[in-house]
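Working notes, beginning with the structure itself.
2 protein chains.
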Amino acid sequence: MSGRLFVIGLGPGNADQVTPEATVAVRASREFFGYKPYLDRLKLSDGQIAHASDNREEISRAEAALKRAAEGIDVAVVSGGDPGVFAMAAAVCEAVENGPKEWRDIEITNVPGVTAMLAVAARAGAPLGHDFCAISLSDNLKPWGLVERRLDAASQAGFVIALYNPISKARPWQLGKAFERLRGNLPASTPVIFGRAAGRPDERIEIVPLGQARPESADMATCIIVGSSETRTIERTGRRPLVYTPRYAAEASR
Amino acid sequence: MSGRLFVIGLGPGNADQVTPEATVAVRASREFFGYKPYLDRLKLSDGQIAHASDNREEISRAEAALKRAAEGIDVAVVSGGDPGVFAMAAAVCEAVENGPKEWRDIEITNVPGVTAMLAVAARAGAPLGHDFCAISLSDNLKPWGLVERRLDAASQAGFVIALYNPISKARPWQLGKAFERLRGNLPASTPVIFGRAAGRPDERIEIVPLGQARPESADMATCIIVGSSETRTIERTGRRPLVYTPRYAAEASR
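Quick note, the sequences are listed as chains A and B, same order. Last residue of the first sequence: 253 in numbering that gives the first Met the number 0, with the numbers rising by one and none dropped. Last residue of the second sequence: 253 in numbering that gives the first Met the number 0, with the numbers rising by one and none dropped.
Next up, the structure:
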């Protein structure tokens, strides 16, 4: 009989934001597959084994985990944030679809988590308070032209935009291009939130107008939220401003 | 000195999906403001007081909580899911902006949670595995024409779409109209997931092709995920199919 496979979301990085469901799933698993910084967050006990792999080896990692589950081991694939948002759940499904038939018999349990944009939004106010979208800026798996088309469609239709995977050493120019593109569709005063390590001691939240947003403010662990033309900023004395998108919108909104 | 105000996300409804951070914030609060079904989830102790209000009284609820916080009481405004996604965080910001100046001095802490689309996606596979958006179908606060424009923009640009607030007694026709609109832009075979009470004992997950999606499958507590033209279904014997959107996309994707 095959083992179970848990695809676990560990949340944004703060232990207080790991759900009890995720904690139980970690306890129930014997082998763990994931990107090393996520595995390092686990407090494993004797007999639990971590298999670290590189950030970009998602399919081979999923296959390795499915193989061990098929051999009867209870395994976990771990992601930061939520496993279903630009993370391992889709890679596991893809590996199941293309893998041996018996992998379809494996009991797969996805354990949702707090994804980065929710943690960043919480620290900034309520920027996602109205219709919004999430776009990965990585062009490793889709052509850059499609990213630009989506940035246009979303900003022109009045969606707030959360940008995942904004920048990396191998992808240095995409975020600058994205800001440029968005400046063509949105007022220069539109609030942009750079959120890194939200809710952790090393948290860094920066709020700037789109006209002044620079790629240098982000690294690969940053989630960026770009407001719509309706997004507002409330200044406060001695506190970070509150950025929020009202629940209402007028027809003219774009 | 004013009290603190917590805006707490209780997750989709399963106690195992409430973060420890939310549990701590509940313990720290003395008065609670929210829609009754959410307040009913709390296990309050003596001396903690719940003020229930109706679903549509968001601004007056936010004002009542801010008033008590300004009087020195530690208060909590509770939402299901995540408070920043079509929930109370934006209403609290709006009340702060339009309220007395001293409300800007109140320490406001948003506690993020697992929002409905993440819980539903987890149970279905990985439908949100690629770029996606979230749209509230309620036209109480925005004109219906804008909703249709956003449905078109998102489906034509290849976003997976999560629909919040799909239907209610006062808004019976909007969901049918939305499906009709989406059928104009997407193949009839596009998977649609109706998710209700995801992760709870009374969970109901229904997966149908867009061509057969009917508003009767939803109620006001349902979150609906409509795939893109890239979203795939993996059939499994004796298990629910896995619905996922691949991490990659080709230029032609729409």
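C-beta atoms are modelled at their ideal positions from N, C-alpha and C, and glycine is treated no differently. In this text the structure is predicted, and so the values were computed from the model without any measurement.
{"Item": "Alpha-carbon spacing of R253 (chain B) relative to S28 (chain B), whole angstroms", "Value": "Only weak support is given to the placement of R253 (chain B): the predicted model assigns it a pLDDT of 43, under 50, and the question is left unresolved by the model."}
{"Item": "G2 (chain A) in three-state terms, based on DSSP", "Value": "coil"}
{"Item": "Collapsed DSSP secondary structure at L140 (chain B) in the structure displayed", "Value": "coil"}
{"Item": "CB contact check: E96 (chain B) to chain A, cutoff 8 Å", "Value": "yes"}
{"Item": "Closer than 8 Å to chain B by CB, S135 (chain A)", "Value": "yes"}
{"Item": "Cβ contact check for the segment 222-237 of chain B and the segment 110-128 of chain A: 3 or more pairs under 8 Å", "Value": "no"}
{"Item": "Cβ contact check for the segment 179-186 of chain A and the segment 204-214 of chain A: 3 or more pairs under 8 Å", "Value": "yes"}
{"Item": "Close-in-space but distant-in-sequence residues of the same chain around A196 (chain A) (CB under 8 Å, 5 per side omitted)", "Value": "P11, G12, E202, R203, A220"}
{"Item": "V110 (chain B) versus V91 (chain B): straight-line alpha-carbon distance, rounded", "Value": "13 Å"}
{"Item": "Neighbour flag for I206 (chain A) against chain B, beta carbons, 8 Å", "Value": "no"}
{"Item": "8 Å Cβ cutoff, E147 (chain A) in contact with chain B", "Value": "no"}
{"Item": "Any C-beta of chain B under 8 Å from that of E56 (chain A)", "Value": "no"}
{"Item": "Neighbour flag for Q16 (chain B) against chain A, beta carbons, 8 Å", "Value": "yes"}
{"Item": "Interface partners of A304 (chain B) on chain A, CB under 9 Å", "Value": "With chain B represented from 0 up to 253, any question about residue 304 (chain B) goes unanswered, as that position is not in the structure."}
{"Item": "Contacts that P245 (chain B) makes with chain A (C-beta to C-beta distance below 7 Å)", "Value": "A89, E93"}
{"Item": "Segment limits, alpha helix (DSSP H) that includes R26 (chain B)", "Value": "19-27"}
{"Item": "C-beta neighbour in chain B for E20 (chain A), strict 8 Å", "Value": "yes"}
{"Item": "Start and end residues, alpha helix (DSSP H) containing R40 (chain B)", "Value": "Looking at the DSSP string, R40 (chain B) is not in any alpha helix (DSSP H), and its letter there is neither H nor E."}
{"Item": "Partners in chain B for K66 (chain A), counting only beta-carbon separations shorter than 9 Å", "Value": "Result: empty, since nearest Cβ-Cβ is about 18 Å, beyond 9 Å."}
{"Item": "Residue-level contact to chain B via CB, K141 (chain A), 8 Å cutoff", "Value": "yes"}
{"Item": "Contact check, V84 (chain B) vs V6 (chain B), beta carbons under 8 Å", "Value": "no"}
{"Item": "Cβ contact check for the segment 38-48 of chain B and the segment 88-107 of chain B: 3 or more pairs under 8 Å", "Value": "no"}
{"Item": "Residues bridged to E57 (chain B) [DSSP beta-bridge criterion]", "Value": "According to DSSP, E57 (chain B) bridges with nothing at all."}
{"Item": "Exposure of P200 (chain B), with buried meaning 16 or more beta-carbon neighbours within 10 Å", "Value": "exposed"}
{"Item": "Limits of the unbroken alpha helix (DSSP H) element including A161 (chain B)", "Value": "A161 (chain B) -> not in any alpha helix (DSSP H); beta strand (DSSP E) instead, spanning 159-163."}
{"Item": "Residues that L256 (chain A) bridges to, as DSSP identifies them", "Value": "Beyond the ends of chain A as shown, which are 0 and 253, falls residue 256 (chain A); an answer cannot be given."}
{"Item": "Chain A within 8 Å of T189 (chain B), Cβ atoms only", "Value": "no"}
{"Item": "Residue ranges of each alpha helix (DSSP H) within the segment 52-97 of chain B, 4 or longer", "Value": "57-69, 87-97"}
{"Item": "Where the alpha helix (DSSP H) through A177 (chain A) begins and ends", "Value": "173-182"}
{"Item": "The segment 149-160 of chain A / the segment 126-141 of chain A touching (three or more Cβ pairs under 8 Å)", "Value": "yes"}
{"Item": "Interface residues of the segment 216-232 of chain A facing chain B [CB-CB below 8 Å]", "Value": "R231"}
{"Item": "Opening and closing residue of the alpha helix (DSSP H) in which V119 (chain A) lies", "Value": "115-123"}
{"Item": "Secondary structure of S227 (chain B), DSSP reduced to three states", "Value": "coil"}
{"Item": "Distance, S216 (chain A) Cα to I223 (chain A) Cα", "Value": "10 Å"}
{"Item": "C-alpha distance - T236 (chain B) paired with V242 (chain B), whole-angstrom precision", "Value": "14 Å"}
{"Item": "Neighbour list for G256 (chain A) in chain B, Cβ cutoff strictly below 9 Å", "Value": "The question about residue 256 (chain A) has no answer, for chain A in this structure spans 0 to 253."}
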